[in-house]
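Peer 1: Chains as they are written, first to last, in the working numbering: chain A, 228 to 707; chain B, 228 to 707.
C-beta: ideal position from N, C-alpha, C; glycine also.
All figures in this text were calculated on a predicted structure; none of them were measured in a lab.
What follows is the structure in structure tokens.
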């Protein structure tokens, strides 16, 4: 790619023969753009976002036409059975009489309103008189986002990348191609309108592009795959670049011996049925043996799940209890309650099905979760604060919940204002990832010519290591 | 590995045939131990450290004998040329009349005195009345540390892992084997003495072990290689587990047009010569063309470096300037100043050699650093605050320094009290990594039975998203 910055992205997005695109050059351009973004002021970054909203509004019809073209093609694919109805729906950018479109534009405004995640002083130490250390947040650099179907992701992710001072390379699905290009053109126009590099947001197409970019660990700092578990696993296996995300979302709800069974039923139903295809939906229900013995399971919790249309895959004890109750026995007869196989406890059903098992106590529940869970979100229902604390502290997951539905695990519900994904990683960002997950930090040392030798010499200078209070005035020196 | 927790590590450390060790089982045991460490109170973790110091002191002679055996063997290897004198020196645990040993024991005490990196509330939000969100730091889980030569690393890393509530698998060099085992035995005894699992610190041997463990991404959360650039690169290429560390340390010092040349000379000399083998030593000197023209380079900076015994590999402009000055011309004649090759600017010399290049301004300096640097530590010498700010904000590195030696990039000098390594990663921990790099966080949600459906319904409940002040009282609920 020997063309200029603006040209390179165009080459990438319009190339028909993948061999024509030099992905190393493309990634290098993104790196250069990322370094320029690193120095952009908050005012400039917000101006780019405001321009983005305006550009999108002005070009609404053009984008709608591109989307209509994708939808027309997709409609024939649905008819021939090569595309699902749900994928088709997600393609529609102007759905609900433009409500989706307006929500998208408002979303860009919301990002303008979020605080700057960069240039925040998170540590300040006086190493010695006239020798100060500051840890200051800064953009990570270059993000590679791989997503499927929903074209509005281009706008949402671009907004988050611009706000956080990162460059981003976006790879979307082929079926949304025309819509993605139309949206991307406006993102680049908005960047150019405030003199930010167009290559700060690059759109690529084609499956070949993915592997070529996964090899660019010199220029790309993090990969965020948003899609199926198999996509995420494939990407983790194929790159040295850190991957932020989650393959599985195998969440559990544990109902303790000391619990309000009505609350337990409510939480189990919401966790399972509110949106079964979500990664934060519950897939496993762990019931304390006392709740089975007391009848809470057979008389309250199971009937609530069955009424909500849930199929129960039960271990022996929880199944046996349901035989003793007429209503639930009928559910066994009609096949809405079936015996669980061992594999059911490792399955992300993503549908109105849940695996159910009896456990002796909170420790057994955690042992089950640690053996079968994915470290996403785990809930306990209990009225005993000590048992809750054992669970909240001991369970190894991004979310540990006490008396609340697992479905709360979401960047918007957490108040982050935006979400770039959900991570089950043990490093960097864990759980719902907002703008804070897109920054790292650098250490600034400010001296007056000091050398290490002066401090190492016998009788030499001594380090003070006094904390510097990060007052508004101190912070202000970095925020601009 | 079907033996108990204590037995499993012993099996690993005493196995002579690598095939006898089941590394999956070993990693799984470490994971289980890590989960137990996760719930250990600060008091218990500190008690383990205090016990460790006592056990080491009590078993000093036994450890010294093991070390003497390693040294005797190493001495013959030095004689035959198969081991370097510097590696030999680093093997000596009781060097300087036990001063090294006593410093090691004091180091364990220092870790007891450090604040708990876990159970810190870093975000608290009232999602709604009776529905609260807390982000609380917690151990990462299982660390794999691969190191060379220095046996005291076993004690230092064990102390940091115990303090931060992590389990750790340690792989040291063969030449220190007896010493490592003797130290490790005391670490495990200390853990057992406070009822923490012995498998929280596992010692392994043999090269085969490394690859077998790099495959255990289900059980190991982060790998920290401490060793040569080739070791680090090999590990990054061989695992899906996140790697925390740095391959290269190619640091630069840029001397701006507006700078005090005496200060510049002082910083250049310290950055290069204070400890040339360190990763934070400068390898490249970038000199503003005005400093070359003014004579500051030929008359002050270059002579200072030459007097300190540094060999200068110069580009044309900086070399030409040295011909105009008698003293420096003599250095050219005796070969202490030589022309630079392009490769010199990509070389980590790790010796008293530095590559020198002229640049037009701070932007050219940053462009050079971004093309050739390793993102470790970069310094600017300037009296112009605006130029400094351009550099500090724009340079993409873990450390950005103004008028200070690159050699300050170190966990102890930063006041972290301890250092597990230095990272040039762009995610998780960057720069010198202390205890904070060994923790991640989890989100705790505490409710009263709330469901997401209540908030999604038209006219339903609204999220408040009010910040909760993290007072001492709030923090105290989590610190125990």
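Evaluate the contact criterion for the stretch 420 to 434 of chain A versus the stretch 395 to 411 of chain A: three or more CB pairs, one atom per stretch, below 8 Å.
Peer 2: Touching, yes.
Peer 1: Is the beta carbon of residue 442 of chain A sitting closer than 9 Å to the one on residue 406 of chain A?
Peer 2: In this structure, residue 406 of chain A does not lie closer than 9 Å to residue 442 of chain A by Cβ.
Peer 1: What residues are listed by DSSP as bridge partners for residue 555 of chain A?
Peer 2: The partner list for residue 555 of chain A (beta bridge, DSSP) is empty, contrary to what the question assumes.
Peer 1: For residue 168 of chain B, count the other beta carbons within 10 Å of its own beta carbon; 16 or more makes it buried, fewer makes it exposed. Which is it?
Peer 2: No answer is possible for residue 168 of chain B: it lies beyond the span of chain B, which begins at 228 and ends at 707.
Peer 1: Cβ of residue 471 of chain A less than 9 Å from any chain B Cβ?
Peer 2: Chain B contact via Cβ: present.
Peer 1: Measuring only the C-alpha atoms, how far is residue 347 of chain B from residue 366 of chain B?
Peer 2: Distance between the alpha carbons of residue 347 of chain B and residue 366 of chain B is about 11 Å.
Peer 1: Bridge partners of residue 670 of chain A, per DSSP?
Peer 2: Beta-bridge pairing links residue 670 of chain A to A/362, B/626.
Peer 1: Is residue 693 of chain A helix, strand or coil by DSSP?
Peer 2: Residue 693 of chain A: strand per DSSP, three-state reduction.
Peer 1: Using beta carbons (cut-off 9 Å, strictly below), is residue 655 of chain A in contact with chain B?
Peer 2: Answer yes: the Cβ-Cβ gap between residue 655 of chain A and chain B drops below 9 Å somewhere.
Peer 1: Using the beta-carbon count (16 or more within 10 Å), is residue 689 of chain B buried or exposed?
Peer 2: Exposed: under 16 other Cβ atoms inside 10 Å.
Peer 1: Taking Cβ to Cβ, would you say residue 383 of chain B is nearer than 9 Å to residue 308 of chain B?
Peer 2: No; because the gap between Cβ atoms is not below 9 Å, this pair is not in contact.
Peer 1: Report back the beta-carbon spacing between residue 667 of chain B and residue 654 of chain A to the nearest angstrom; my notes put them in contact at under 8 Å.
Peer 2: That belief holds up - the Cβ atoms of residue 667 of chain B and residue 654 of chain A are roughly 6 Å apart, short of 8 Å.
Peer 1: Using the three-state DSSP reduction, which class does residue 515 of chain A fall into: helix, strand or coil?
Peer 2: Of the three classes helix, strand and coil, the one that applies to residue 515 of chain A here is strand, per DSSP.
Peer 1: With a CB to CB cut of under 8 Å and the five nearest residues on each side skipped, what residues in its chain are close to residue 386 of chain B?
Peer 2: Same-chain partners within the cutoff: 276, 279, 334, 335, 338, 645.
Peer 1: Would you mind telling me which residues of chain B sit closer than 8 Å to residue 265 of chain A, beta carbon to beta carbon, in chain order?
Peer 2: Residues of chain B passing the Cβ test: 620, 621, 623.
Peer 1: From residue 600 of chain A to residue 479 of chain A, what distance separates their C-alpha atoms?
Peer 2: Residue 600 of chain A and residue 479 of chain A: Cα-Cα distance of roughly 7 Å.
Peer 1: Applying a beta-carbon distance threshold of less than 7 Å, which residues of chain A neighbour residue 285 of chain B?
Peer 2: What residue 285 of chain B touches in chain A: nothing, since even the nearest Cβ is about 32 Å away.
Peer 1: When the Cβ atoms of the stretch 410 to 424 of chain B are set against those of the stretch 441 to 456 of chain B, are three or more pairs found closer than 8 Å?
Peer 2: Not touching, per the Cβ criterion.
Peer 1: Mind listing, in chain order, the continuous beta strand (DSSP E) runs of no fewer than 3 residues lying wholly within the stretch 547 to 623 of chain A?
Peer 2: Entirely contained in the stretch 547 to 623 of chain A, the beta strand (DSSP E) runs reaching 3 residues are, in chain order, 564 to 566, 580 to 586, 604 to 608.
Peer 1: When burial is assigned at 16 or more other CB atoms within 10 Å of the CB, is residue 359 of chain B buried or exposed?
Peer 2: It counts as buried.
Peer 1: Just to confirm, is the Cβ distance from residue 649 of chain B to residue 603 of chain B under 9 Å?
Peer 2: Yes; because the gap between Cβ atoms is below 9 Å, this pair is in contact.
Peer 1: For the candidate residues B/699, B/513, B/321, B/505, whose alpha-carbon lies nearest to that of residue 634 of chain B?
Peer 2: Ranking the options by Cα distance to residue 634 of chain B, first place goes to B/505.
Peer 1: Based on Cα-Cα distance, which residue from B/542, B/248, B/288, B/363 lies nearest to residue 628 of chain A?
Peer 2: The residue with the shortest Cα to Cα distance from residue 628 of chain A is B/363.
Peer 1: Is DSSP giving residue 282 of chain B helix, strand or coil here?
Peer 2: Three-state result, residue 282 of chain B: helix.
Peer 1: For residue 404 of chain A, does the count of other Cβ atoms within 10 angstroms reach 16, so buried, or fall short, so exposed?
Peer 2: With 16 or more other Cβ atoms within 10 Å, it is buried.
Peer 1: If we define contact as Cβ-Cβ less than 9 Å, is residue 365 of chain A a contact residue for chain B?
Peer 2: It does; some Cβ of chain B falls within 9 Å.
Peer 1: What separation, rounded to the nearest whole angstrom, lies between the Cα atoms of residue 509 of chain B and residue 576 of chain B?
Peer 2: Each residue's Cα considered, the two are about 9 Å apart.
Peer 1: To the nearest angstrom, report how far apart residue 703 of chain B and residue 409 of chain B are at their CA atoms.
Peer 2: Those two C-alpha atoms are separated by around 39 Å.
Peer 1: Using CA coordinates, which residue listed in A/594, A/488, A/322, A/331 is at the minimum distance from residue 282 of chain A?
Peer 2: Residue A/331 is the option with its Cα nearest to residue 282 of chain A.
Peer 1: Only counting runs of 4 or more residues, tell me where the alpha helix (DSSP H) segments fall wholly within the stretch 408 to 488 of chain A, in order along the chain.
Peer 2: 434 to 441, 456 to 464, all fully within the stretch 408 to 488 of chain A.
Peer 1: Counting contacts by CB-CB distance shorter than 9 Å, is residue 581 of chain A in contact with chain B?
Peer 2: It does not; no Cβ of chain B falls within 9 Å.
Peer 1: Does the beta carbon of residue 490 of chain A come closer than 9 Å to any beta carbon on chain B?
Peer 2: By this cut-off, residue 490 of chain A is an interface position.
Peer 1: So residue 256 of chain A is in the alpha helix (DSSP H); what residue range does that whole segment cover?
Peer 2: Looking at the DSSP string, the run of the alpha helix (DSSP H) that includes residue 256 of chain A is 250 to 265.
Peer 1: Given this structure, state the Cα-to-Cα distance separating residue 483 of chain A from residue 592 of chain A, to the nearest angstrom.
Peer 2: So the two alpha carbons sit approximately 9 Å from each other.
Peer 1: Let me know if residue 301 of chain B comes out buried or exposed under the rule of 16 or more other beta-carbons within 10 Å of its beta-carbon.
Peer 2: With 16 or more other Cβ atoms within 10 Å, it is buried.
Peer 1: With burial defined as no fewer than 16 other Cβ atoms inside 10 Å of the residue's Cβ, what is the status of residue 501 of chain A: buried or exposed?
Peer 2: Buried, by the Cβ-count rule.
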